[in-house]
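Here the protein sequences come in this chain order: W and X.
Counting from -6, one number per residue, gives the positions in the first sequence under my numbering.
Counting from 13, one number per residue, gives the positions in the second sequence under my numbering.
C-beta atoms are modelled at their ideal positions from N, C-alpha and C, and glycine is treated no differently.
Scroll down for the structure; my scribbles are underneath it.
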Amino acid sequence: MKFKIQRDELLNALQQIIGAVEKRQTMPALSNVLIKATSDSLSLTSTDLEIELVTHLKMMIDEPGEITVPARKLLDICKALPADSDVNISIKGEKALVQSGRSRFSLVTLPAADFPSLDEINVGSEFELPQKTLKDIIDKTSFAMAQQDVRYYLNGLMLEISAKILRAVATDGHRLAYCEKETDCELSDIKQVIVPRKGVLELVRLLDNTEEKIKVILGSNHLRVELDNIRFTSKLIDGRFPDYNRVIPDDGQCIMTADREILRQALVRASILSNEKYRGIRLILEDNLVKLQAQNPDQEEADVEIEVNYKGESLEIGFNVNYMIEALNVTDSSMVQAAFRDSNSSCLLTFPELKDCKYVVMPMRL
Amino acid sequence: MSPNPQHWSRAIALIDMNAFFASVDQRDFPFLLGQPVGITNGMRGSCIITCSYEARAFGVHTGMRLREAYQLCPNLVQRPARPKVYARVSTHIMKAIHNICPDIEVFSVDEAFIDITPSQRLYGSPEKAAQLLKTAVYETSGLLCSVGLSGDKTTAKYAAKLNKPDGFTVIPPWESRERLRYVPVTELCGIAEGMGGFLAGYGVRNCGDMEKLPISILAKRFGNLGRRIWYMCQGEDPDPLHIDVAAPKSIGHGKVMPPNTRSREVVLTYLQHMCCKVGARLRKHELEARTFWVGLHTKFGWTGEKIRLPLMSNDSRKIFQHGKRAIEFHWKGEGVHQIQVTALDPQPVAMQLDMFASNPEQQLQEKMLHKAMDSINQRYGEFTLSPARLLNRSDMPNVIAPAWKPEGHRQTI
C-alpha cells in the first residue's frame, strides 16, 4: 500500500471517525484505524464493536492495499504537521511509514484481517430525509437520555418511524423529551428502535444543518446513516422502550406562560444557591407571578421573582433545576407554556412556536 | 507580642476519656477495680477492644489478640463489651459538656473537642472553663478524663496525650509553635506513615522543620489537607469544630463471620442480616439509596460488587434480592470470614419522583408495612419481627463503632 494525501484532508477524515475509538479497550485492534486503499479511493474505518464509522475519499492511489495503524497516534501526528503539507503513507515490513517533508514516523501495524467488523446488516427498510431534520430532532431530545441506568433501554434514544412522521423520545425517568418531524418517507407500518447513547452522540457530531439528503437504513439490529462521504452504523439496544404516551400528561389545570429566556435566566440565577448535589428548586405560582426559591446546605438562600401569565390557584412545586434549564435550552422560541396539575405530578413544558416538541419533568419533594 | 493571659483569641479543649469502656466496667463492677481488664466483643471475641490501665502496665493494648494478651498478663480479666451502656454513658457526658460549652464536636465515642472561645469570659479564663468541663465529666459519670487545652484542635489533642490518665495540660496558643518544634510530625493526629514518609523526603521530621517547606509543596500533593497540615505543625491548625453531624456519604453494616465459612445458607443468613440492618437504618433516617456495595472477605481479599437497583430504595428485601444475586455470581464457595453491605450515596426518601416507578398504592402499602415492622422492632428490640431466615442469625453481639455519635445517622450500634 502506498499513497499521498493532503494533511488537512487526512486530518479531517480522522477527526470524523476518531469518536468510535475507545481510549481503553481489551482488543488491540480496536485502538487502530483500518486503512483500505483501492485504485481510486481510500477508506478509513473505526469501531468499538457497537458503532462503526467509515469515511471514503476519492483519490488516486499509487499502490492498493489495506492495513490497520494506531488511530490516535496517527491523528496526533496529522495534527502536529504543518497545515498545507502532503503526507505519504506506505508499508514497509510490519511497520507503516508516515512521511511529510523531513519528518518521518514508523507506526506499529496489525493486519487488516484482524480488524473486527460489525455483523452483516439485513436491510429492513430505508428512507431519505434532510440532514437537518435528523440533527434537529436529536438536538432537541438527546440531552434527556439516561446514563448508565440499570434500565438499559433508557440509555439511548428511541426513534419511531411511521408514515410521514419521524419521532424521537429520550427519558431517564426523571424527565422526558419528545420531538416529532414530518418526513416524506413512505413506511407502511410503525418501526421503533433504540439507538445507544454513544451512537447518538457520535451521529449528531457528523450531521450539519443543511437540506442535503441522507439515507437512513433500519436493519433488525442496526441503524445505518449514509452521508455524503461517511457511513455511520450502530447496533440497537434490544429492549422495549416504555410507553411514552402514558407519561406525557394532558394540559393540567394550572397553565402558566412566560417569556422563555426570562424564565431560563431566572432559573439559572436561582440555581446558584441550590443544593449542588440534588439541585432542588422551589417554584411558587401566584397570580401572574412566579417565585423561585433555592437553598443550600450552608443555609444560603436565593429568591427570584418574575412576571408571567398565570391565573388560578397558587401552587408550590419542587424541581431539579437542571432538568428545567436543559429543556428551556434546546430552543430559541420566545415563549414557553408550563402546565401543572399538583405538586406531586409531572409538569408539561411546550412551546407555542414549536408545536412538535414536548418536555415532561417530574417534581422533587423538597 | 503581649498576649492577654486571661482571654485567648481561640481556645479549644480536647476531652479524652481514659480507657473508656474498661473504666465504665470498673465503675459498674467494683470487683474489677485495680484489676487488669480487657474488653472483647462478647466472650467469644478474640481481640482486645480496649483495656484498663492496670492491663496496659503489662503491655496489653487495643487491637491485640486475646491469646497474646494472656501471655503478657496471665491474670487479665476478660469482659464482654456492653455497647449500649457505653453509648448511654457517652451521651450523658456529651450532654453535660454541652451544658457548659455548647460548641462541641463529638470526635469519637470517648473524645470530644470543645470550643471554649465564646465562653472563656463567662468562666473567667480558658483554664477555668476547661477545669469546669473536667469536673462535670467526673460528676456526671464518675469517670476520669484527660484534658488538653490550647488554641487549636491539633495542639489540644497533642496536649491531652502528654498526661494520661486524669491529666490536665495547657499549652497557651502563643507557646504552641515552640512546644511542637521538636515533636515528630507523625505524633500529630492526622499525619500517618504515608504523609510522614512524604515529609521526611523533604527533610521534615519534626514539626519545627515545617516552616522551611513552602506550603505550595504540600498543597500540590495533598490539596487542602496538605495546607492544613502545614499550619498544624506550626500550632495553628485552622480546622473549625464540626458541630453538625455531616450528611452520610454511606450507610453500611458488616460482620465478622466464623472463620472459613463455606455454607451457602450461613452466608445468605449473614447477608440478609446485614441487609435488614442497612434497610432499617436507612428507613430510620428517612434515607434511600440506589447503589449498594455487597462484599465477602475471603482469603483472596474482598469479592463482591456495587449493585445498582432499578430505583431508589430502602427496602431490606429488595437489597437482599439483588445482593443475593451478586453473591451467587461472585462467590465460588471459598471460605468467607467477613461480610459487608453498604448503601452508597444515600439521599432523602422520595425526593426526585420517577415517572416509571411502581404505582402509588403499592408504594404506600410497602411504606405502611415497613412502618409497622420498624415500630415493633423499635419497641421490643431489633429483629423482634424479621425474615424467618434470621432466626438462625449470628448471636455475636453488636459492636459500637469508633465513629459513633450521640445524634444523627451515626447513633447506631
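Contacts that residue i makes with chain X (C-beta to C-beta distance below 8 Å)
| i | result |
| --- | --- |
| VAL143/W | ARG320, LEU321, PRO322 |
| MET355/W | GLN364, LEU365, ASP366, MET367 |
| ASN289/W | Ordered by position in chain X, no residue passes the 8 Å Cβ test against ASN289/W, which lies about 12 Å from the chain. |
| LEU169/W | MET367 |
| VAL240/W | MET367, PHE368 |
First and last residue of the uninterrupted alpha helix (DSSP H) at residue i
| i | result |
| --- | --- |
| TRP343/X | Run containing TRP343/X: none; DSSP gives neither H nor E here. |
| LEU3/W | 0 to 10 |
| PHE234/X | 227 to 234 |
| PHE210/X | 205 to 213 |
| SER287/X | Residue 287/X is actually Cys in this sequence, not Ser. CYS287/X -> alpha helix (DSSP H) spans 276 to 296. |
| LEU356/X | Element bounds for LEU356/X: not the alpha helix (DSSP H) but the beta strand (DSSP E), 348 to 356. |
| GLU413/W | One cannot answer for residue 413/W here, as it falls past the ends of chain W, which runs -6 to 359. |
| ARG239/W | 237 to 240 |
| ILE388/X | 372 to 392 |
| LEU174/X | 165 to 174 |
| LEU397/X | No alpha helix (DSSP H) contains LEU397/X, which DSSP labels as neither H nor E. |
| ASP132/W | 124 to 132 |
| VAL197/W | 190 to 199 |
Beta-carbon neighbours of residue i, restricted to chain X and to distances below 9 Å
| i | result |
| --- | --- |
| ARG358/W | PRO360, VAL361, ALA362, MET363, GLN364, LEU365 |
| GLY149/W | Within 9 Å Cβ-Cβ: nothing; GLY149/W doesn't reach chain X, min ~15 Å. |
| TYR271/W | GLN359, PRO360, MET363, GLN364 |
| SER155/W | What SER155/W touches in chain X: nothing, since even the nearest Cβ is about 23 Å away. |
| SER339/W | LEU365, MET367 |
Cutoff 7 Å; reference residue i; Cβ partners in own chain excluding five residues on either side
| i | result |
| --- | --- |
| PHE210/X | ARG233 |
| ASP349/W | CYS172, GLU173, LYS174 |
| ILE227/X | ARG239, TRP242 |
| VAL116/W | ILE210, GLY212 |
| ASN202/W | LYS125, LYS128 |
| PRO360/X | GLU298, LEU299 |
| ASP252/W | SER327, MET328 |
Limits of the beta strand (DSSP E) - the one that residue i falls within
| i | result |
| --- | --- |
| ALA426/X | Past the boundaries of the shown model lies residue 426/X; chain X is included only from 13 to 425, so the question cannot be answered. |
| CYS247/W | 247 to 252 |
| HIS309/X | 299 to 310 |
| GLN288/W | 282 to 288 |
| PRO271/X | 262 to 273 |
| ILE116/X | 116 to 120 |
| ASP296/W | 294 to 300 |
| SER153/X | No beta strand (DSSP E) contains SER153/X, which is instead part of the alpha helix (DSSP H) from 138 to 153. |
| CYS157/X | 157 to 162 |
| VAL441/W | Shown here, chain W extends from -6 to 359; a query on residue 441/W therefore has no answer. |
| ALA67/X | That residue, ALA67/X, is in no beta strand (DSSP E); its alpha helix (DSSP H) goes 65 to 68. |
Beta bridge counterpart(s) of residue i as assigned by DSSP
| i | result |
| --- | --- |
| LYS228/W | HIS215/W |
| PRO196/X | ASN218/X |
| ASP127/X | ILE24/X |
| SER99/W | LEU90/W |
| HIS49/W | SER36/W |
| LYS351/W | TYR171/W, THR343/W |
| PRO92/X | THR52/X |
| GLN359/X | GLU300/X |
| LEU45/X | According to DSSP, which records beta bridges pairwise, LEU45/X is partnered with nothing at all. |
| CYS59/X | ARG77/X |
8 Å CB neighbourhood of residue i in its chain, flanking five on each side removed
| i | result |
| --- | --- |
| ASN315/W | SER264, ARG272 |
| SER267/W | GLY273, ILE274, ALA287, GLN288, ASN289, ALA295, VAL314 |
| SER14/X | Unreliable positioning characterises SER14/X in this predicted model, as indicated by a pLDDT of 43, which lies under 50. A coordinate reading is not provided. |
| GLY46/X | GLU66 |
| ALA172/X | LEU26, ILE27, ASP28, SER158, VAL159, GLY160, GLY179, THR181 |
Residues that residue i contacts on chain X, provided the C-beta gap is smaller than 7 Å
| i | result |
| --- | --- |
| GLY166/W | ASP366, MET367, PHE368 |
Cβ neighbours of residue i in the same chain (closer than 6 Å, five flanking residues each side left out)
| i | result |
| --- | --- |
| THR354/X | SER262, GLY264, TRP305 |
| ILE299/W | ILE255, ALA259, VAL283 |
| GLU59/W | LYS29, ALA105 |
| ILE346/W | For the sequence presented, residue 346/W should be read as Glu rather than Ile. The residues are SER326. |
Beta carbon proximity, residue i to chain C, threshold 9 Å
| i | result |
| --- | --- |
| GLU175/W | The structure shown contains no chain C; its protein chains are W and X. |
Exercise for the section: Compile a chain-ordered list of the residues in the segment 339 to 370 of chain X whose CB is closer than 9 Å to at least one CB of chain W. Expected result: Of all residues in the segment 339 to 370 of chain X, ASP357, GLN359, PRO360, VAL361, ALA362, MET363, GLN364, LEU365, ASP366, MET367, PHE368, ALA369 have a Cβ within less than 9 Å of some Cβ in chain W.
Exercise for the section: Name, going along the chain, the residues of the segment 220 to 238 of chain W whose beta-carbon falls closer than 7 Å to a beta-carbon of chain X. Expected result: Cβ contacts with chain X: PRO235.
Exercise for the section: With 7 Å as the limit, tell me which residues of the segment 314 to 327 of chain W have their beta carbon closer than that to any beta carbon of chain X; keep them in chain order. Expected result: Those residues of the segment 314 to 327 of chain W that come within reach of chain X (Cβ to Cβ, closer than 7 Å) do not exist; the list is empty.
Practice task
Please name the residues in the segment 251 to 283 of chain W whose beta-carbon is closer than 9 Å to at least one beta-carbon of chain X, in chain order.
Solution key: Hits within the stretch, in order: LYS270, TYR271, GLY273.
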